[in-house]
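In the working numbering, the protein residues as written are 3 to 528. Each residue gets a CB set at the ideal place from its N, CA and C atoms; glycine is no exception.
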């Protein structure tokens, strides 16, 4: 009996020691760890710096035109008169875009983006040409009038790009260029080298001046009639395709090739070679009735009809495609007002076009980045319990730093540098404003109160099972989300409502959807 009591007493003592050890461990180790996990420091944001973020200044853009009188082609008086006429033509635009003319007899080396070179030569052909920032013309009365008209158009183009302030949304993340050849099954393999030569030439001409500015992705595919039937021939009438039927052709192409994209702009490059039984095949204009082999489709790309023999002229394929790419990017429209001018140079990118486009994109990126940062500050200020992690803090600081460098380079006229800094600033601001932790707590800012933590940093994240789910198959938008928040606040519901979607539509695309929806619905008649 005494032995049994001793065993029970010793067992009870062991239990007390174990309980005491667990209590000491919880007090000395577990509780401090738990307290540390529930007391995560809140990162600070530069609220004042974001609120005082300045706009891009409207600086005075000074252009220099080096008038090169090659081999004394014109007299000094003619050179002076031409300079005055050029200045008068340029002054018809905005005063903030000024032109300075420097007369010289040797071609200078152009180093800055605001420097142009006009070379006047003695020749008989009326064929002005442009290479980067250099304009070469043959002297004559018609050439002079042509030049003045070009300078007037170019100065007006600069105004529209430099001083259009209402550009809030940046361009797409990149451009996808899709090359597609549709060939008859019996066609020989001699077309394939030409196909890949077109791709290489296109890539070299496009990527050389723009590779650091725009993200290009390219793909290519070849289809034979055995794979895809001659669906284009469904719109053919007497060996021609009417321009009115081009939209049907595009719809069939999209359906067969499934060539839709979401995040990027897309340019389609479609070359169609009919079979021997369907030659010749051309495109007939609606108003003139003339036939040609190229159709430019706005915001889609180019359709090109070719022959299927070795003598086909494939050199005419690339220029309209590059021209269509300029339209897609909304490059300034600069031209010589005559059909006798060789416009081949305009099918490659030159500084006369790139510079105004850069100014425009810099404004878009800067304004959008500023809006993202302001939206971030407003959202965080409205939700007191919102947690700010260090990733958001670092992204915000990086965005402010990049925007500061962008403004400095912009004022100095260093356009490529300003563009890259503003683009990086926009990406950092987007990263901060759309951080997943913020987006989740925007729905339920009180969720942090229901999170239970245990030692060793293991969050259980126990959320009350009082929730409802609203899930949209398709494009969700911020308007629906805001209406849902207003509804919850107005009704003081205790439910937690989750708003989800398969695709988030940004404000610009949402407006486009509304416009397309309005255009698709017929106006009711009274």
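Worksheet item: Just to confirm, are residue 47 and residue 395 a CB contact at a threshold of 8 Å?
Response: yes
Worksheet item: residue 183: buried (16+ other C-beta within 10 angstroms of its C-beta) or exposed?
Response: Classification for residue 183: buried.
Practice prompt. Please report the residue range of the beta strand (DSSP E) in which residue 223 lies.
Written response: 218 to 226
Discussion item. Under DSSP, the alpha helix (DSSP H) around residue 140 begins and ends at which residues?
Written reply: Counting along the chain, residue 140 falls outside any alpha helix (DSSP H), though it belongs to the beta strand (DSSP E) covering 136 to 140.
Fill in: Three-state class that DSSP yields for residue 247 in the structure shown
helix
Worksheet entry | Outcome for residue 276 when other beta-carbon atoms lying within 10 angstroms are tallied against a minimum of 16 | buried
Discussion item. Less than 8 Å between the beta carbons of residue 123 and residue 91, yes or no?
Written reply: no
Worksheet item: Quick one: any contact between the segment 135 to 151 and the segment 280 to 299, if contact means 3 or more CB pairs under 8 Å?
Response: By the Cβ rule, the segment 135 to 151 does not count as touching the segment 280 to 299, because fewer than three pairs are nearer than 8 Å.
Discussion item. Is there a C-beta anywhere in chain C that falls below 8 Å from the one on residue 248?
Written reply: This model lacks chain C altogether, as it is built from one protein chain only.
Worksheet item: Anyone know if the C-beta pair for residue 69 and residue 103 falls short of 8 Å?
Response: yes
Discussion item. For residue 417 and residue 203, I'd like the C-alpha separation in whole angstroms.
Written reply: 27 Å
Worksheet item: Helix, strand or coil: which one does DSSP assign to residue 18?
Response: helix
Item to complete: Determine the extent of the alpha helix (DSSP H) in which residue 84 is found, giving its start and end residues.
Response: 78 to 92
Worksheet item: From residue 199 to residue 55, what distance separates their C-alpha atoms?
Response: In a straight line, the C-alpha of residue 199 is about 49 Å away from that of residue 55.
Worksheet entry | Buried versus exposed call for residue 423 [16 or more other C-beta atoms within 10 Å across all chains shown] | buried
Worksheet item: Short check: CB of residue 121 to CB of residue 106, under 8 Å?
Response: no
Discussion item. Suppose you measure from the CA of residue 180 to the CA of residue 222; what does that come to, to the nearest Å?
Written reply: 6 Å
Item to complete: Following the continuous alpha helix (DSSP H) through residue 413, name the residue where it begins and the one where it ends.
Response: 392 to 414
Worksheet item: Just to confirm, are residue 412 and residue 58 a CB contact at a threshold of 8 Å?
Response: yes
Practice prompt. Please name the residue, chosen from 178, 77, 357 and 324, that lies closest to residue 421 on a Cα-to-Cα basis.
Written response: 357
Worksheet entry | Beta-bridge pairing of residue 180 - partner residues as DSSP gives them | 221 and 270
Worksheet item: In this structure, what does DSSP give as the bridge partners for residue 487?
Response: In DSSP, residue 487 forms no bridge with anything.
Worksheet entry | Where the alpha helix (DSSP H) through residue 375 begins and ends | 353 to 384
Practice prompt. Give me the Cα-Cα distance between residue 353 and residue 362, rounded to the nearest whole angstrom.
Written response: 14 Å
Worksheet entry | Separation of residue 382 from residue 464, as counted between CA atoms | Because the pLDDT of residue 464 is 35, which lies under 50, any placement of that residue in the model is unreliable, and the question is left without a value.
Item to complete: Whole angstroms is fine: what's the gap from residue 288's alpha carbon to residue 249's?
Response: 13 Å
Practice prompt. Determine the direct distance from the alpha carbon of residue 512 to that of residue 29, and round the result to whole angstroms.
Written response: 55 Å
Worksheet item: residue 216 to residue 176, Cα distance in whole Å?
Response: 6 Å
Discussion item. Considering only their Cβ atoms, is the gap separating residue 380 from residue 49 smaller than 8 Å?
Written reply: Not closer than 8 Å, so no.
Worksheet entry | For residue 131, the residue or residues it bridges with in DSSP | Per DSSP, 138.
Worksheet item: Going by alpha carbons, who is nearest to residue 436 out of 406, 397 and 409?
Response: Among 406, 397 and 409, the Cα nearest to that of residue 436 is on 397.
Worksheet entry | Spatial distance of residue 393 from residue 428 (CA atoms) | Approximately 16 Å, taken between the alpha carbons.
Worksheet item: Looking at residue 101 and residue 149, is the spacing between their C-beta atoms short of 8 Å?
Response: no
Worksheet item: If we count the other Cβ atoms within 10 Å of its Cβ and call it buried at 16 or more, is residue 502 buried or exposed?
Response: It counts as exposed.
Worksheet item: Using a Cβ-Cβ cut-off of 8 Å (strictly less than) and excluding sequence neighbours within five positions of residue 89, which residues of its own chain qualify?
Response: 101 and 103
Worksheet item: Excluding sequence positions up to five away, which residues of its chain have a Cβ less than 7 Å from the Cβ of residue 72?
Response: Cβ neighbours of residue 72 beyond the five flanking positions: 121, 122 and 123.
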